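Residue numbers (my numbering): 5 to 331. Think of the CB as a built atom: it goes at the ideal place given N, C-alpha and C, for glycine as much as any other residue. Keep in mind it's a predicted model, so treat the numbers as computed, not measured.
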């Protein structure tokens, strides 16, 4: 089944969005969903053209409000596979409020957040994830804002699934999209995405062959947190503080912290390593737990009310209780 639409893709040549789109279109036939049962919903921004390019149903909505629209779609038709495509500006600035409430409610909706740490559509202003000191068209002397860490924000909003991948790591991205789809509840997948025009090289240390083995910590549930070109480094907890150890005569793999996707404390610690120069960046599933979904609870609530009070009617409701005649 072809999930690619007939629309011409209108992103800048070399944009990381192409890789995300290609892997999404590639993995969807394997997920087993009919395209008529899939909805992609976006707000405003470069990432928000995504619904045009998927051969599914979709909405290109208003700035920052994709989570609200998606919530309505899911409540109205819980059987649909609903996806929100957003960016660091659309999802964390004007849409930040909607994003956190979607996450805490835990509807069965999948969020793909493209993080290029810049405003691309409006031509290069700083975003909520831009680093302090970042010089842009809107911060000519350097940004004074401390950047949001999207995965920390998601964990703080009690998201039940939080993960991260990189646009150039296509196989890993496919795996993360599939994990997001299979999670029952709101999944939050941050995708490090390169903006070739306005913020090229934002994640160069994580993608360059010379540096990425020391700068990326690949997460795997139940496995020790080992990294490095020679797999000779690991993350160890000293009390409640992470530290890097060398796997030599003094330390072995037995001393390395083992990842547990269901451990909120470990997930929070891993999220805190983001953007730090002295630690690798965690990539993979940080956190995944099971919890009741909002739409299931809403359906149960409605069914219980019907059992207790009957189906009812709008006409009866309008004529019940106190009424007034306006003359």
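Asked, Found
"Reference residue 291; option with closest CA among 122, 104, 125, 191", "191"
"Segment contact, 8 Å Cβ cut-off, at least three pairs: the segment 48-60 with the segment 115-134", "yes"
"Within 8 Å, strictly: CB atoms of residue 106 and residue 89", "no"
"Counterpart residues of residue 120 in DSSP-defined beta bridges", "According to DSSP, residue 120 bridges with nothing at all."
"Residue from 150, 277, 163 with nearest C-alpha to residue 113", "163"
"Rounded separation between residue 136 and residue 271 - CA only", "24 Å"
"Identity of the residues DSSP links to residue 242 by a beta bridge", "245"
"Environment of residue 315 [buried if 16+ CB atoms lie within 10 Å]", "exposed"
"CB-CB length for residue 276 against residue 134, believed under 8 Å", "With 8 Å as the limit, residue 276 and residue 134 do not qualify as a contact, their Cβ atoms being about 19 Å apart."
"For residue 154 and residue 231, believed in contact at Cβ under 8 Å, the rounded distance", "Actually they are not in contact, since the Cβ atoms of residue 231 and residue 154 sit about 21 Å apart, beyond 8 Å."
"Contact set for residue 6: own chain, Cβ-Cβ below 7 Å, skip 5 residues either direction", "59"
"Beta strand (DSSP E) segment containing residue 285, residue limits", "285-292"
"Buried versus exposed, by CB contacts within 10 Å (16 or more), residue 180", "buried"
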